[in-house]
Structure formats: C-alpha cells, structure tokens
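Top line first, the protein sequences correspond to chains A and B.
Mapping to numbering that gives the first Met the number 0: the first sequence position 70 is 69, numbers consecutive.
Mapping to numbering that gives the first Met the number 0: the second sequence position 158 is 157, numbers consecutive.
Take a look at the structure set out below.
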Amino acid sequence: MLSINNLCASVEDKQILKGLGLDVKPGEVHAIMGPNGAGKSTLGSVLAGREAFEVTEGSAQFDGENLLEMDVEERARAGLFLAFQYPVEIPGVSNMEFLKASVDAVRTHQGKPELSSVEFMKLARETSKKVKLDQGFLKRGVNEGFSGGEKKRNEIMQMMLLEPKLCILDETDSGLDIDALQTVADGVNAMRSPERSFIVVTHYQRLLDYIVPDYVHVLADGKIVKSGDKSLAKELEAKGYGWLEGEVA
Amino acid sequence: MSEQVEHLIRKEYAAGFHTAIDTDTIPPGLNEDVVRFISAKKNEPEWLLEWRLQAFRAWQEMDEPEWAHVDYPKVDYQSISYFSSPKSMDDKPKSLDEVDPKLLETYEKLGIPLHEQEMLAGVAMDVVFDSVSVVTTFREKLEEAGVLFCSISEAVEKYPELVKKHLGSVVPQKDNYFAALNSAVFSDGSFVYIPKGVRCPMELSTYFRINEQNTGQFERTLIVAEEGAYVSYLEGCTAPMRDENQLHAAVVELVAKDNAEIKYSTVQNWYPGDEDGKGGIYNFVTKRGVCHTSAKISWTQVETGSAVTWKYPSCVLRGDNSVGEFYSVALTNNHQQADTGTKMIHIGKNTRSTIIAKGISAGKSDSSYRGLVRMNPGADGARNFTQCDSLLIGDKCGAHTFPYIESKNPSAVIEHEATTSKVSDDQMFLCQQRGLDPEKAVSMIVNGFCREVFKELPMEFAVEAGKLLEVSLEGSVG
Numbered sequence: 000m001l002s003i004n005n006l007c008a009s010v011e012d013k014q015i016l017k018g019l020g021l022d023v024k025p026g027e028v029h030a031i032m033g034p035n036g037a038g039k040s041t042l043g044s045v046l047a048g049r050e051a052f053e054v055t056e057g058s059a060q061f062d063g064e065n066l067l068e069m070d071v072e073e074r075a076r077a078g079l080f081l082a083f084q085y086p087v088e089i090p091g092v093s094n095m096e097f098l099k100a101s102v103d104a105v106r107t108h109q110g111k112p113e114l115s116s117v118e119f120m121k122l123a124r125e126t127s128k129k130v131k132l133d134q135g136f137l138k139r140g141v142n143e144g145f146s147g148g149e150k151k152r153n154e155i156m157q158m159m160l161l162e163p164k165l166c167i168l169d170e171t172d173s174g175l176d177i178d179a180l181q182t183v184a185d186g187v188n189a190m191r192s193p194e195r196s197f198i199v200v201t202h203y204q205r206l207l208d209y210i211v212p213d214y215v216h217v218l219a220d221g222k223i224v225k226s227g228d229k230s231l232a233k234e235l236e237a238k239g240y241g242w243l244e245g246e247v248a
Numbered sequence: 000m001s002e003q004v005e006h007l008i009r010k011e012y013a014a015g016f017h018t019a020i021d022t023d024t025i026p027p028g029l030n031e032d033v034v035r036f037i038s039a040k041k042n043e044p045e046w047l048l049e050w051r052l053q054a055f056r057a058w059q060e061m062d063e064p065e066w067a068h069v070d071y072p073k074v075d076y077q078s079i080s081y082f083s084s085p086k087s088m089d090d091k092p093k094s095l096d097e098v099d100p101k102l103l104e105t106y107e108k109l110g111i112p113l114h115e116q117e118m119l120a121g122v123a124m125d126v127v128f129d130s131v132s133v134v135t136t137f138r139e140k141l142e143e144a145g146v147l148f149c150s151i152s153e154a155v156e157k158y159p160e161l162v163k164k165h166l167g168s169v170v171p172q173k174d175n176y177f178a179a180l181n182s183a184v185f186s187d188g189s190f191v192y193i194p195k196g197v198r199c200p201m202e203l204s205t206y207f208r209i210n211e212q213n214t215g216q217f218e219r220t221l222i223v224a225e226e227g228a229y230v231s232y233l234e235g236c237t238a239p240m241r242d243e244n245q246l247h248a249a250v251v252e253l254v255a256k257d258n259a260e261i262k263y264s265t266v267q268n269w270y271p272g273d274e275d276g277k278g279g280i281y282n283f284v285t286k287r288g289v290c291h292t293s294a295k296i297s298w299t300q301v302e303t304g305s306a307v308t309w310k311y312p313s314c315v316l317r318g319d320n321s322v323g324e325f326y327s328v329a330l331t332n333n334h335q336q337a338d339t340g341t342k343m344i345h346i347g348k349n350t351r352s353t354i355i356a357k358g359i360s361a362g363k364s365d366s367s368y369r370g371l372v373r374m375n376p377g378a379d380g381a382r383n384f385t386q387c388d389s390l391l392i393g394d395k396c397g398a399h400t401f402p403y404i405e406s407k408n409p410s411a412v413i414e415h416e417a418t419t420s421k422v423s424d425d426q427m428f429l430c431q432q433r434g435l436d437p438e439k440a441v442s443m444i445v446n447g448f449c450r451e452v453f454k455e456l457p458m459e460f461a462v463e464a465g466k467l468l469e470v471s472l473e474g475s476v477g
C-alpha cells in the first residue's frame with residue numbers, strides 16, 4: 000500500500016524529516032506517536048503533497064506509483080485521504096456542494112458516473128447520521144462556524160463518503176471531548192477493512208484505546224526511532240518520551 | 000500558493016470574435032455636425048436634436064473626471080467613430096425572419112439564440128449591435144399586457160411624449176462628463192414602459208454587442224414603471240478582442256413611481272484586454288434610478304469584463320418609505336481596473352438602502368469600491384446597511400474601499416462593514432486534498448464569496464454568472 004524510504008523533507012529550508020522509513024500493508028493500522036515538534040504533522044502534509052513542504056531525499060510508493068511525483072489532487076483521487084488537525088472554513092460554499100464536487104472528482108477518476116443530486120443527498124444524509132452530525136450542517140458553509148468537534152466529525156464524514164484506500168488522521172483527537180472521540184473512533188473502526196489502511200498520528204495514547212493499532216511507531220527528530228505493537232503506546236504513556244532520547248542520538 | 004495562483008487566469012475570451020458584416024460607419028471625429036448626423040439618421044424630432052446639442056456644448060466645457068482610482072491613457076475623442084450600423088439594417092427588419100442571418104449567427108455564437116422558440120422561456124430581449132437595435136422579441140405578448148419594450152429610437156418615433164417627459168429626468172444632460180457625451184451622441188438602447196398596476200409578465204433583457212473597430216457604444220436605456228408596476232430587467236454585454244481600447248459610455252435611467260418596483264441586473268463581460276493589459280473596453284457608465292413613495296429599485300451587477308470600469312448605479316430615494324438596493328460582484332484579473340460602487344441618496348422619510356459589494360482581485364488587477372450614502376435633512380428614520388468584502392487571489396493585486404458617508408439627519412442610522420480576505424493556502428489545500436483541481440477550487444471559493452449577490456440574480460442568470468466567474472478566473476491558479 001505505502002512504502003516510505005529514507006524520506007527527508009524541509010519547510011522554509013528547515014529540515015523536519017530526516018530519513019523516515021515506514022511500510023504500511025493493506026488492512027493495517029499504524030499509529031505514529033512522538034513528542035511535539037518531532038515532525039508528526041509534517042509527515043501527513045508531505046504525503047498529501049502540500050506545496051510548502053519540499054522533499055529533499057528519499058522515496059514514497061503508493062499502490063505501486065511514485066507518490067512524490069503526483070499532484071495533491073491526484074494523490075487524493077488515487078485514494079489518499081488526510082483528515083486535518085485544524086480543518087479550515089470556506090465561507091459561502093455549502094458543505095453539500097463541496098462534498099458532492101469532491102465525491103464526483105474521485106468517482107470520475109475511477110471511471111464511475113457522477114452521482115445524481117438525489118442519490119448524493121441520500122448518501123450524505125445517511126453518512127451524517129453515522130457521525131452524529133445534524134443534517135443542517137450539510138447546508139451550512141464548509142466548517143463555517145462549526146465547533147472543534149463538529150469540524151472533526153465533518154472530516155470523518157468526508158472520509159466515509161470518499162472511501163479512500165489510505166487514511167491519514169493528523170491528531171484528529173486534539174480538542175475532542177470523550178463523546179466526539181468515541182464517534183470519530185467508531186467511524187474509523189467501521190471503515191476498517193482488509194483493503195484499507197490507516198495512519199493515525201497522535202500525541203496521546205488515549206485515542207488508541209478506541210482505535211486499536213496493529214503497530215505503534217515513535218517519531219522523534221524526523222525519524223522513526225522505535226516500533227512495536229500496541230503495548231508500546233502504553234509504555235510511552237507510563238514513561239513519556241524522554242527514555243527514548245538515547246535512541247535518537 | 001502565490002506561484003500556483005499566477006497561472007490560474009489564462010483563458011481565451013470566448014466572445015472575442017468579429018463578425019464580417021457590411022456596415023455604415025461614419026468617419027471618426029466629433030463635432031456638431033456629427034451630432035446632427037446621428038439625429039437625422041434616426042429621423043428625430045427637433046426637440047431631441049436641440050437636447051443633444053445642449054449636451055454637446057456642455058460636454059465641450061467639461062473636463063474628464065480624474066478622481067477615480069484608475070489609470071489609463073487619455074481617450075482621444077476625435078479618433079472614435081460615433082455611429083456604426085449593419086448595412087442590412089437600412090430597412091429595419093420587422094421580424095426575426097428578416098434579420099440578416101449573419102447577425103443571428105453572431106448571437107448564436109455568443110450563446111444567445113434569438114429565435115423565440117429556442118430562447119430562455121419567459122425572457123423578452125432587445126438586441127443592440129454597435130449603434131442600433133437589431134431586434135426585439137416577444138413584443139406582441141408584452142403589448143397584450145400593455146408593456147412597451149422597444150429600442151429607444153423607436154420609442155422616440157412612436158411614444159415621443161413619454162420619452163420627452165422622462166429622458167434626462169434622472170440623469171440630466173450635464174450630470175457628468177460621460178453622461179453629457181452620451182446625451183449628445185447616444186445611438187440606441189432600450190426603452191421600457193410598464194403601465195400602472197401591471198406586473199411585467201416576463202423578464203426583459205437587452206444584449207449589447209460592440210462589433211465594429213474604433214467605434215464607441217453610447218446606449219441609453221430608459222425604464223419607467225408607473226404606480227404599482229413591477230419589472231425585472233437584465234442587460235448583458237460582449238465585444239470582440241482588439242488591441243485598441245474601445246469606449247462604452249452608457250446612461251441608464253430608471254423611474255419607479257409610487258409602490259413600483261424595478262429590478263435591474265447586469266452581467267457585464269466586455270472584452271477585458273489581454274493578459275498584458277493591451278486592448279479592452281473602457282466602461283464609463285452612469286446608472287441612476289429615482290424611487291417615489293414606497294417604491295423599490297434593486298441594482299444587481301456582476302462585472303467581470305472591461306479594461307477600465309467606472310460605474311456607480313445609484314438610487315435617489317425621493318419618496319417616503321422607498322427602498323434602494325445594490326448588490327455587486329466585481330472581478331478584476333490581469334491588468335483590469337475597476338472603480339465601482341453606488342450612491343444612495345436618502346431624501347424621503349423612513350427610506351432604506353442596502354449595499355452588498357463583493358470585490359475580487361486576481362493577477363495584477365486593481366479593484367475599488369466607492370460608495371456614497373447621504374442622509375438629507377428630511378430623511379427622518381432613514382437606514383442604510385453597507386457591507387463591502389474584498390477577496391484577493393495572489394499577491395500582486397489590490398483592493399480598496401472608499402466609503403463616503405454624509406448624514407444631515409440625526410435620526411438616520413448608517414451601518415458599514417468591510418472585510419478583506421485572501422484565498423488561503425489552507426483552503427486550496429483542503430479542496431485539492433479532497434480531489435478538486437485548483438481551478439475548480441478557486442472558482443468554488445470565489446462563488447461562495449459571491450453567494451449573497453448571486454442569490455439576487457434571476458435564476459437563469461445566476462447560473463450564467465457563476466460560469467462566467469469560472470471562465471474569468473481560469474489561469475489564475477495552476
């Protein structure tokens with residue numbers, strides 16, 4: 000699914016990723032944890048192709064394709080989804096209009112016909128129920144005036160509608176109360192399948208009680224410094240990140 | 000994103016073709032003889048020739064205004080031809096079957112089929128090609144309702160009293176430099192008269208086309224809605240692509256009698272010039288309406304074309320309880336400049352006005368909102384709400400707001416809100432991460448920004464306006 004080798008990336012000439020390697024197979028859930036400033040969010044941005052991030056070295060294959068040569072929208076259409084830590088507002092553009100354009104773009108890429116407005120409306124309503132987002136939100140501007148929790152539910156709704164192959168959740172748990180966290184986790188768990196993979200980026204172990212990962216990686220100073228199974232997350236919670244400093248050096 | 004944005008605005012101007020058609024065009028130059036020639040060509044009565052000459056003499060004494068936030072080389076008024084007409088119009092066609100097929104083709108190409116059975120349901124249209132009106136559709140149906148809709152030349156012939164009574168009553172000959180020029184040399188335009196208590200049964204529309212080279216277009220539109228009448232009117236405009244600048248100096252006058260309502264919508268897509276700023280239309284227009292007691296006038300404009308725009312559709316709220324509205328989207332790209340806004344003059348008691356102006360600047364363009372709200376001493380309880388929002392695409396463009404507020408009545412309430420925002424990297428990234436290409440992303444963000452104005456347009460035209468924005472923005476990201 001995804002194979003990253005020796006990935007180095009910088010933003011404004013500051014090097015953030017320093018030789019990161021990661022292999023994600025279909026159906027796997029990988030958690031990326033690490034201290035602040037380790038490069039966790041950068042990883043998501045680089046994989047999604049954000050312009051401000053420059054890849055200086057290394058490679059990333061996605062489904063056999065050279066991911067780093069693809070445009071942002073090509074990556075999205077090929078099935079790479081990034082759930083944002085801070086979803087931005089787009090005033091005046093209704094959520095419904097935005098979601099339909101997005102689903103249509105992906106379907107067109109897959110050679111499927113666009114959904115009719117009626118079909119889409121039905122699908123969107125069903126999906127909004129799953130993430131416990133009132134249908135009124137479909138008519139409102141994209142994220143316009145949404146609370147933090149509503150924005151995150153909206154992200155998960157988009158993920159469900161687009162049915163991506165690889166979902167990257169960038170600190171989706173930040174700023175969520177326990178109910179919203181449960182809803183988000185339920186959404187993710189419902190989408191787990193042998194064909195779909197997840198990279199869950201988080202600062203806290205809490206989320207991993209709900210979304211149980213197959214692998215846990217510690218990202219520090221731009222590299223994966225330790226990998227293990229879900230028990231590693233517990234260990235990190237108990238000990239913090241300090242004990243790993245030796246491994247960084 | 001700025002690099003990305005640079006590319007987004009490069010798309011051929013689709014209406015930029017020229018129709019090879021025999022024309023009757025007088026040589027360039029402007030003097031009293033030219034004014035007499037135009038008047039004679041149209042078999043005008045003596046009073047109108049006199050009216051034109053007064054305007055011409057006044058114009059000669061006036062100076063071109065320089066206060067607008069636009070910069071363009073001086074217009075040489077002697078190098079413009081003031082009258083051009085397709086030759087086939089010498090014997091004016093009485094119906095569509097008699098119209099030169101080449102003209103019909105021109106409008107087909109512009110996406111405006113003139114054959115009534117193919118037209119947008121329920122829209123009657125007057126079509127002005129260079130200096131003359133080519134055809135007016137659905138006339139019989141309108142006449143049944145008592146609505147008069149024809150070219151202004153025809154109105155002068157057929158309804159001289161109505162024209163004489165109202166022409167210049169809202170925009171006097173000497174109102175300003177361009178209005179005076181228009182009054183002297185106006186060639187054609189539309190005339191609408193809605194009798195007392197009549198609700199016009201369909202949308203009325205005029206389509207203006209400049210075709211000939213080195214000609215100016217000086218149309219004059221007059222709309223009179225008698226007591227309790229209602230009409231919705233739309234104008235659209237295009238011109239071929241030329242390296243020279245062409246002048247368009249129109250005057251529009253609206254008269255809304257007691258309890259009448261006029262809704263006037265414009266989709267302006269004159270040729271904006273090329274990406275280096277060469278060519279394009281100078282759009283210097285005076286539009287104004289008078290509202291009598293409890294009358295309402297709404298101006299809605301979507302301005303995407305023209306090299307330079309100088310335009311302030313205004314409302315004189317003379318009668319008590321009258322209402323004025325101005326909804327505007329002005330989009331500038333490449334080297335376009337727009338100085339546009341409105342004037343709301345509150346004279347009557349409890350008069351209300353609303354101004355929603357959305358300016359979008361891309362490329363190296365400059366867009367300004369200029370608006371006056373005046374509360375006269377008698378305007379007790381008058382209210383105005385103004386909202387000006389600017390959206391910048393890229394970092395080489397400019398947006399400016401020049402509000403003028405004059406209140407001479409302490410009971411009047413004036414609210415003004417203004418914002419400036421950018422299409423942000425984050426918004427673009429979100430859209431693209433969800434699979435949208437950058438063009439679609441920008442046009443969606445811009446359309447969202449304009450939503451409040453688009454919802455004021457008649458349905459068919461709201462869709463058109465959205466598409467037009469998309470085309471105008473193409474090439475501004477990528």
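Heads up, the beta-carbon is just placed ideally off N, CA and C, and yes, glycines get one too.
The C-beta of A:ASN65 has fewer than 16 other C-beta atoms within 10 Å across all chains shown, which makes the residue exposed.
Between the C-alpha atoms of A:LEU79 and B:TYR326 there is a straight-line separation of about 41 angstroms. In the DSSP annotation of this structure, A:ALA59 is not part of any alpha helix (DSSP H); the continuous beta strand (DSSP E) holding it starts and ends at 52-61. The C-beta of B:ASN42 has fewer than 16 other C-beta atoms within 10 Å across all chains shown, which makes the residue exposed. B:GLN386 and B:ILE355 have their C-alpha atoms some 5 angstroms from each other.
Interface residue (Cβ-Cβ distance to chain A less than 8 angstroms): B:ILE444 is classified as such.
The beta carbon of B:VAL322 sits closer than 6 angstroms to the beta carbons of LYS295, ARG351 from its chain, once the five residues preceding and following it are set aside; these are given in chain order. For A:LEU81, the chain B residues whose C-beta falls within less than 8 angstroms of its own C-beta are GLN432, listed in chain order. In this structure, B:ASN258 sits near B:GLY227, with a CB-CB distance shorter than 8 angstroms.
Around the beta carbon of B:GLU438, a 10 Å sphere encloses 16 or more other beta carbons of the protein chains shown; the residue is thus reported as buried. The C-alpha of B:THR24 is placed about 6 angstroms away from the C-alpha of B:SER84. For B:SER423, at least one C-beta of chain A is nearer than 8 angstroms to its own C-beta.
Note on the stretch 258-335 of chain B: whole beta strand (DSSP E) runs with a minimum of 3 residues are 260-267, 279-290, 295-302, 307-310, 313-316, 322-331, in chain order.
When the beta-carbon positions are compared, B:ASN408 and B:MET443 stay at least 8 angstroms from each other. A:ARG191 is outside the set of residues whose beta carbon lies under 8 angstroms from a beta carbon in chain B. Sixteen is the threshold: since fewer than 16 other Cβ atoms of the shown chains lie within 10 Å of the Cβ of A:THR55, the residue is exposed.
In the three-state reduction of the DSSP assignment, B:CYS449 falls in the helix class, which pools H, G and I. In the three-state reduction of the DSSP assignment, A:ALA179 falls in the helix class, which pools H, G and I. Only those residues of the stretch 86-103 of chain A whose C-beta falls short of 9 angstroms from the nearest C-beta of chain B are listed: PRO86, VAL87, GLU88, ILE89, PRO90, GLY91, VAL92, SER93, GLU96, PHE97, LEU98, ALA100, SER101, VAL102, ASP103. The closest CA to that of B:CYS199, considering only B:VAL250, B:GLU260, B:TRP58, is found on B:GLU260. Cβ proximity to chain B below 9 angstroms picks out SER44, ALA47, GLY48, ARG49, GLU50, ALA51 from the stretch 32-64 of chain A. Taking a beta-carbon distance threshold of 8 angstroms, A:GLY140 counts as an interface residue toward chain B. Taking the C-beta atoms as reference points, A:TYR214 is found nearer than 8 angstroms to A:SER226.
Of the residues B:PRO26, B:GLU153, B:GLY362, B:CYS314, the one whose Cα lies closest to the Cα of B:SER297 is B:CYS314.
In the structure shown, B:ARG351 falls within a strand segment according to DSSP collapsed to helix, strand and coil. For A:HIS216, the enclosing beta strand (DSSP E) stretches over residues 214-219.
For A:SER9, the enclosing beta strand (DSSP E) stretches over residues 1-10.
B:ASN181 has no beta-bridge partner at all, per DSSP. Non-local beta-carbon contacts of B:GLU225 in its own chain, meaning distances under 7 angstroms to residues more than five positions away in sequence, involve ILE193, PRO194, LYS195, LYS256, ALA259 in chain order. Excluding its 5 nearest sequence neighbours in each direction, A:TYR240 has C-beta neighbours in its own chain below 6 angstroms: PRO34, listed in chain order. Annotated three-state conformation of A:MET158 is helix, per DSSP.
Rounded to the nearest whole angstrom, the CA to CA distance from B:PHE55 to A:LEU98 is 58 angstroms.
Close partners of A:VAL71 in chain B (Cβ separation under 8 angstroms): PHE428, GLN431, GLN432.
Unbroken beta strand (DSSP E) stretches of 3 residues or longer found wholly inside the stretch 404-452 of chain B: 412-421, given in chain order.
Secondary structure at A:LEU137: helix, using DSSP grouped into helix, strand and coil. Excluding sequence positions up to five before and after B:ASN181, its CB lies within less than 6 angstroms of the CB of PHE217, ALA248, VAL250, all in the same chain and listed in chain order.
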